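What follows is a short report on a single structure.
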Amino acid sequence: MSNVLSVQDLSVAFHTRAGVVHALDRVGFTVGAGETLALVGESGSGKSVTAYAIMGLLEAAGQVTGGRALLGEIDLLAASPAALARIRGKRVAMIFQNPRTALNPIRPVGTQIADVMRRHGGATWFNARDRAIEALRAVGIPDPARRARAYPFELSGGMCQRVMIAIAMAARPDLLIADEPTTGLDVTTQAVVMDLIAEMAAQTGMATILITHDLALAAERARRIAVMHAGHVVEVAETATLLARPMHPYSARLIAATPTAAGALDDLQSVPGALPDLRGTIIPACRYAARCDRRQADCGETLHPHEAEPGHSIACHHPLGVAA
Amino acid sequence: MRQVLLRLAAALPTLCGVVVVTFLLTRVLPGDTATYFAGPTASAEAIEQIRRELGLDLPLPEQFWRYVVALTKGDLGMSLTTGQPVRAEIATRLPASAELTLCALVLAIAIAMPLGVLAAVRQGSLIDHACRVLTTAGVSLPVFFTGLLLVYVFYFVLGWMPAPLGRLDAFATAPPQVSGFYLIDTLLAGDTETFRAAAAQIVLPATTLALFALAPIARITRASMLAVLGSEFIRTARASGLSGPTVVITYALRNALLPVVTVLGMVFSFLLGANVLVEKVFAWPGIGSYAVEALIASDFAPVQGFVLTMAVLYVLLNLGIDLLNRAIDPRARHGA
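Chains G and Z, in that order, are what the protein sequence lines are. First residue of the first sequence: 1, per this note's numbering; consecutive thereafter. First residue of the second sequence: 325, per this note's numbering; consecutive thereafter.
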């Protein structure tokens with residue numbers, strides 16, 4: 001399977017008044033055509049920053065300090081702003097959480113879809129409107145001709161997320177980055193939206209990166225999962241493998257902290273401690289070490305993500321399931 | 325349409341309040357009209373006679389009743405200083421002020437909005453600093469100073485501009501009145517020569533006022549643009565690869581306009597009343613100088629007429645701003 005996107009050693013630093021924050025450190029993963037990769041981790045672990053860095057949408061304070069993000073032959077991190085603007089929305093599209101605020105509040109949704117189609121999808125002034133209505137129909141919005149004239153505040157959250165998906169799919173991208181796409185939606189709508197994304201991906205062979213803090217959602221929807229913690233990718237594995245045999249202590253903790261339908265509430269365990277302070281220059285090699293109950297003397301030594309077994313890479317000196 | 329009528333109806337109590345308050349205010353102001361008009365050498369009997377003729381000896385409720393009855397007939401009374409009906413004088417002087425203020429506002433918008441947008445898009449750049457300097461200068465330099473400075477430089481030193489003596493120089497004749505705006509009436513009359521003369525006269529006073537109006541417009545544009553540019557739907561627009569101009573103009577600026585329009589309304593009404601100084605410096609026959617002169621002379625009728633006119637204008641202006649907001653923001657259309 002060919003890789004649509006290959007991220008290698010991506011590092012991002014934020015220059016804040018309180019000092020330089022090393023938000024991402026040598027993040028790496030790949031995603032293949034038609035595949036769904038989930039980026040999982042708690043809030044602040046760097047999932048969204050990873051996505052924004054790839055898209056070239058980091059705020060002014062954020063700076064990519066190293067690495068590559070190869071989309072085919074093009075390194076997105078090195079592309080010029082003009083080149084990037086041609087790629088965004090055309091080859092890589094993104095949808096966001098809180099779809100209602102992610103849409104222009106004073107522009108009809110059909111027009112917003114038409115804007116993107118005129119920019120990328122080869123639509124003209126004359127047929128963009130009809131194509132936008134078609135796109136609304138494709139994402140399952142009833143009475144699309146009427147809804148095309150609606151404003152975001154006139155639609156439900158679920159409808160707005162469908163519109164977002166229609167915008168993202170306007171130019172049939174190779175890769176869709178979905179940043180917490182179901183946050184703020186009710187449970188049934190969540191399922192519908194995720195089904196829709198999967199359906200779209202299946203139709204076009206599009207790769208999907210699903211960013212979520214919800215391991216259960218990731219387990220259900222993704223073929224592979226990359227676990228992030230404090231700006232590191234600590235473990236990448238096939239979903240079934242990761243759930244059955246997590247090798248990184250943090251992954252194991254995260255799984256134990258995920259509610260299941262069968263389990264009782266008392267069985268849930270929170271991950272102890274908090275994310276480390278990422279300011280300054282003295283950051284531990286393993287950013288999980290301070291929270292880890294398997295910490296040993298050599299945990300302070302330089303850490304390299306490595307493949308523990310085929311298709312299963314980790315960044316840990318003392319992984320689970322291996323004699324310490 | 326129904327909304328508009330409702331809004332106008334809602335403004336009626338305000339206008340009634342304005343009528344009462346201005347009437348009372350002019351009566352409690354120091355200065356005795358009768359004494360003023362009788363002149364310094366008049367005898368006590370002469371003053372009393374003038375007082376009776378003006379109806380100033382009547383009890384206040386009676387005076388007020390007469391005033392209101394006249395108002396309902398559209399009669400704003402007579403000015404004692406000029407001997408002209410107040411309504412006719414306001415009708416000729418208001419367009420002069422309005423033309424000046426509108427020109428200043430258009431000029432200010434034409435400079436301030438692009439400046440504010442650029443300052444927001446390129447935050448911290450040279451143009452951002454230039455914007456800050458200009459807005460600070462705009463608010464800190466009083467209009468009579470900038471006005472005199474402009475006259476000194478462009479009329480006295482350089483000689484590029486005509487003398488600051490009102491709306492037209494002595495050799496030109498005013499165009500037949502249609503809108504009362506010389507710039508429009510001269511064109512309607514096909515008189516390009518007078519148009520040029522009127523335009524030359526208005527450049528300096530309009531620039532003076534515009535410099536003053538620049539600051540709030542540029543600042544609110546910049547602040548509003550910054551807020552919108554940081555919002556989630558702009559991120560979406562960028563993530564969709566929309567071109568820079570589309571993101572900045574179609575997506576950001578249209579959203580940023582809402583507070584700008586509100587501020588524009590305030591700036592406009594503020595200018596209309598506050599351009600007295602500019603009217604003085606440029607001998608502009610506007611409504612502001614008219615009101616001040618009347619006030620100094622304890623001439624009630626023009627003052628009351630002026631305040632009432634301003635109140636009506638203010639109501640209409642707010643209505644216009646509301647309609648403009650509705651045109652921009654579908655949520656406002658929906659909510660009301």
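All C-beta atoms in this analysis are idealised placements derived from N, C-alpha and C, irrespective of residue type, glycine included. What you are looking at is a predicted structure, and each value in this text was computed from that prediction instead of being measured.
Where does Q296/G fall in DSSP's three states?
Residue state, collapsed to three classes: coil.
Measure from the C-beta of M164/G to each C-beta in chain Z and report whether the shortest distance is under 9 Å.
It does; some Cβ of chain Z falls within 9 Å.
Report the CB separation of L550/Z from V343/Z in whole angstroms; it is logged as a contact under 8 Å.
Wrong, their Cβ atoms sit about 43 Å apart, outside the cutoff.
For P654/Z and chain G, any beta-carbon pair shorter than 9 Å?
Output row for P654/Z: interface = yes.
Can you list, in chain order, the residues of its chain whose CB lies under 8 Å from that of M402/Z, leaving out five sequence neighbours each side?
Same-chain partners within the cutoff: Q408, P409, V410 and A625.
With 9 Å as the threshold, decide whether the Cβ of D75/G is near any Cβ in chain Z.
Not one chain Z Cβ lies under 9 Å of D75/G.
T101/G: contacting residues in chain Z (beta-carbon distance under 8 Å):
Result: S555, E556 and F557.
Please classify I573/Z: is it buried, with 16 or more other beta-carbons within 10 angstroms of its beta-carbon, or exposed?
Per the 10 Å Cβ criterion, exposed.
Any Cβ of chain Z within less than 9 Å of the Cβ of S94/G?
At residue 94/G the sequence reads Met, which differs from the Ser that was named. Answer yes: the Cβ-Cβ gap between M94/G and chain Z drops below 9 Å somewhere.
Whose C-beta lies closer than 8 Å to the C-beta of V445/Z among residues of the same chain, with five residues either side of it excluded?
Hits under 8 Å: M549, L553 and V572.
Around the C-beta of F361/Z, are 16 or more other C-beta atoms found within 10 angstroms, so that it is buried, or is it exposed?
Burial call: buried.
Taking the C-alpha atoms as reference points, what is the distance between R326/Z and V109/G?
Going by the C-alpha atoms only, they are around 28 Å apart.
Give the secondary structure of L71/G by DSSP, where H, G and I count as helix, E and B as strand, and everything else as coil.
In the structure shown, L71/G sits in a strand (DSSP, three-state: E or B).
Can you name the start and end residues of the beta strand (DSSP E) that V27/G belongs to?
In this chain, the beta strand (DSSP E) harbouring V27/G covers G19 to G32.
Spell out the partners DSSP gives S564/Z in its beta bridges.
As computed with DSSP, S564/Z is found in no beta bridge at all.
How would you write the range of the alpha helix (DSSP H) that D646/Z sits in, first residue to last?
Note, D646/Z: alpha helix (DSSP H), F624 to I652.
Near D452/Z, which residues of its chain fall below 7 Å by C-beta distance, leaving aside the five closest residues on each side in sequence?
Result list for D452/Z: A443 and R446, in chain order.
Own chain, CB closer than 7 Å to R657/Z, minus 5 neighbours either side, in chain order
So the list reads R650, once near-sequence residues are dropped.
Can you give me the Cβ contacts of P466/Z inside the same chain, cut-off strictly under 8 Å, excluding the 5 residues immediately before and after it?
Setting aside the 5 residues that flank it on each side, P466/Z is surrounded in the same chain by L601, each with a C-beta closer than 8 Å to its C-beta; the list follows chain order.
Going by CA-CA distance only, name the one from S11/G, A226/G and M228/G that's closest to G66/G.
Distances from the alpha-carbon of G66/G to those of S11/G, A226/G and M228/G put S11/G closest.
Could you give the distance in angstroms between the alpha-carbon of S367/Z and the alpha-carbon of L339/Z?
Straight through space, the alpha carbons of L339/Z and S367/Z are spaced by roughly 40 Å.
Check each residue of the stretch 561 to 573 of chain Z: if its Cβ is closer than 8 Å to any Cβ of chain G, include it; give the result in chain order.
Per Cβ criterion, the list reads A561, R562, A563, S564, G565, L566, S567, G568 and T570.
Test item: CB-CB of G28/G and V233/G under 9 Å
Contact flag set, yes.
Assigned secondary structure, A61/G (DSSP; H/G/I helix, E/B strand, else coil)
DSSP places A61/G in coil when its eight states are reduced to three.
Given that a residue counts as buried once 16 or more other Cβ atoms are within 10 Å of its Cβ, and exposed if not, what is T302/G?
Exposed.
Identified DSSP bridge partners for H229/G:
BP columns for H229/G point to H232/G.
Which of the three DSSP states, helix, strand or coil, is assigned to I282/G?
For I282/G, the three-state secondary structure derived from DSSP is coil.
In terms of residues, what are the limits of the alpha helix (DSSP H) holding T124/G?
Boundaries cannot be given for T124/G, as no alpha helix (DSSP H) includes it and DSSP labels it neither H nor E.
Only counting the same chain, and skipping five residues up and downstream in sequence, which positions put a Cβ closer than 7 Å to that of L619/Z?
Apart from sequence neighbours up to five positions away, the residues of its chain that approach L619/Z with a beta-carbon distance below 7 Å are V627, ordered along the chain.
Pick helix, strand or coil for R88/G, following the three-state DSSP scheme.
Of the three classes helix, strand and coil, the one that applies to R88/G here is strand, per DSSP.
Would you call the stretch 534 to 550 of chain Z in contact with the stretch 492 to 505 of chain Z, where contact means no fewer than 3 C-beta pairs closer than 8 Å?
Contact between the stretch 534 to 550 of chain Z and the stretch 492 to 505 of chain Z is absent, because fewer than three Cβ pairs lie under 8 Å.
With distances taken from CA atoms, which of M228/G, P105/G, D186/G and Q161/G is nearest A51/G?
Cα-wise, what sits closest to A51/G is M228/G.
Cβ atoms of A240/G and E246/G: under 9 Å apart, would you say?
It should be pointed out that residue 246/G corresponds to Pro in this sequence rather than to Glu. Going by C-beta atoms, P246/G is not nearer than 9 Å to A240/G.
Closest Cβ-Cβ distance between R578/Z and chain G: below 9 Å?
R578/Z counts as touching chain G.
Contact with chain G by H453/Z, beta-carbon distance below 9 Å
Not an interface residue.
Which residues, taken in chain order from the stretch 595 to 616 of chain Z, show a beta carbon closer than 8 Å to some beta carbon of chain G?
Closer than 8 Å at the C-beta level to chain G, one finds no residue of the stretch 595 to 616 of chain Z.
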